[in-house]
Amino acid sequence: MEILKRVHAKNLVKWAKNKPEVLVLSADLTSSCEADAFRDTYPDRFFSMGIAEQNMLSFAGGLAREGFVPYVHTFAVFIYRRALDQIAMSVAYPNVPVKMIGFLPGVTTPGGATHQAIEDTAIMRSLPNMTVLEVGDATEVENVLDVSYKIPGPVYVRMLRGELPRIFKTPMEFKKARKLSEGKDLVIVSAGICTEEMLRAVKVFEKNGLEVSMYHISTLKPFEYPEIIESIKKSKYGVISMENHTIIGGLGSCLAECMAEEGVGKKLYRIGIEDSFLHGASRPYLMKEYGIDVHALLKTVEKATKKKLKYKEEDLGEVFIPQLHSDAKAEAL
């Protein structure tokens, strides 16, 4: 597995070179959000706004009205929890191209409830005019700038940083799911870091004779995937959603809404953070503790199929675990 460091930091500098209208705003977390290389390369296009996220989002809205394309960088919780009114009134309501890059989604930080964005998709997708994207590997981190830039209105991105695996060989495409496998028994739909956990179960499915359709989602709003709905209709056991987010208002809710509107009478099993805040710990511990890892998936598959899966721990695919404290700030604040 190829592992890359500070993918966004390097890509942002290269990508923005011939885009003078692109500005970067930071709220006193410049290096933690991999915006330091941009600051050093294009100092005239960088704004350090201090610990004042509400002002930063209003300021970004003003810049966008003047023809600039501001890329706001901070931890995700400080975007939607602290500045929701400013986002609604200064960004979403006028439908201006402010791109919000939110780091540390869900369990990707040991910082506890104050730093873990677990309900951001639910809140941000409820805003009119807002697009919501989520990256799942280094390839999508490299490509999400292009995708977000081409969208005319505001965009919110659940971003990854630090040391990242390259899972996908092809770029992210707006409103297009990645179909990773096809099968008639069960459908699994995942987003973000949960896709790596989903892929760890491939050999177990093969060993137990289960034919599974697996999809990776990077566009959470708008959520328009007729191919997935058709796949669910044809499935024997229904569909499982898997996300690094509360089960309320996230990927599972998106699927439920679409299934209800299309009259799909299949069972939906939602894997995600239950109605709970998280405590501070390492990513692997939190994924196991709150039931969003491969073991939670396999238990859910057993529930859906009413069959006991036969497998050993060595049947599970490898997963990349970033160091808690590294020069790439993999998980540390």
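With positions in the sequence shown counted from 1, the corresponding number in our numbering is that position plus 668.
Heads up, the beta-carbon is just placed ideally off N, CA and C, and yes, glycines get one too.
What do you reckon, are the CB atoms on residue i and residue j nearer than 7 angstroms?
i	j	result
Leu828	Val803	yes
Pro738	Val759	no
Tyr905	Ala845	no
Leu672	Ala806	yes
Thr914	Ile719	no
Ser903	Leu854	yes
Thr698	Val681	no
Ala949	Pro688	no
Lys889	Arg951	no
Gly940	Gly920	yes
Leu693	Met724	yes
Asn679	Glu810	yes
Ala684	His741	no
Ala790	Gly918	yes
His884	Ser909	no
Leu954	Val690	no
Thr887	Lys843	yes
What would DSSP say about residue i, mapped onto helix, strand or coil?
i	result
Met717	coil
Asn679	helix
Met882	strand
Lys889	strand
Phe945	coil
Gly860	coil
Ala756	helix
Ser694	strand
Gly940	strand
Val987	coil
Ala785	strand
Val764	coil
Leu977	coil
Just to confirm the assignment, what range does the alpha helix (DSSP H) spanning residue i have?
i	result
Arg951	951 to 957
Lys875	870 to 875
Ile897	894 to 902
Leu965	962 to 973
Asp708	704 to 709
First and last residue of the beta strand (DSSP E) that includes residue i?
i	result
Pro833	831 to 833
Ser849	846 to 849
Pro738	737 to 743
Phe771	767 to 771
Leu672	671 to 673
Taking residue i as the reference, which of the options has the closest Cα?
i	options	result
Leu848	Arg868, Phe842, Met717, Lys678	Arg868
Ser726	Ile989, Lys843, Asp712, Ala695	Ala695
Pro822	Thr914, Lys837, Thr782, Pro796	Pro796
Pro833	Glu970, Glu864, Leu984, Lys935	Glu864
Ile1064	Leu923, His783, Lys967	No information on residue 1064 is available, as it lies outside the stretch 669 to 1001 that the chain covers here.
Lys839	Glu925, Val857, Met757, Val815	According to the sequence displayed, residue 839 carries Pro and not Lys. Pro839 has its Cα closest to that of Val815, out of Glu925, Val857, Met757, Val815.
Cys926	Leu946, Ser899, Asp943, Phe945	Ser899
Phe743	Tyr824, Lys818, Phe836	Tyr824
Tyr958	Glu911, Met882, Met669	Glu911
Lys981	Leu966, Ile989, Phe988	For clarity, residue 981 is Glu in the given sequence; the question names Lys instead. Comparing Cα positions, the closest option is Leu966.
Ala781	Val809, Glu810, Val880, Phe746	Phe746
Gly851	Phe842, Glu879, Met866	Glu879
Tyr817	Leu752, Ser909, Val764, Phe714	Val764
Phe873	Ile989, Gln722, Gln754, Thr968	Thr968
Glu930	Lys956, Met669, Glu895	Glu895
Tyr979	Asp961, Gly877, Ala677	Gly877
Requested in this report: Please specify which runs of the alpha helix (DSSP H), each continuous and at least 4 residues long, are wholly inside the stretch 793 to 835, giving them in chain order.
Outcome: 806 to 818
Report task. Note down, one range per segment and in chain order, each beta strand (DSSP E) of at least 3 residues found wholly within the stretch 909 to 938. Result -> none
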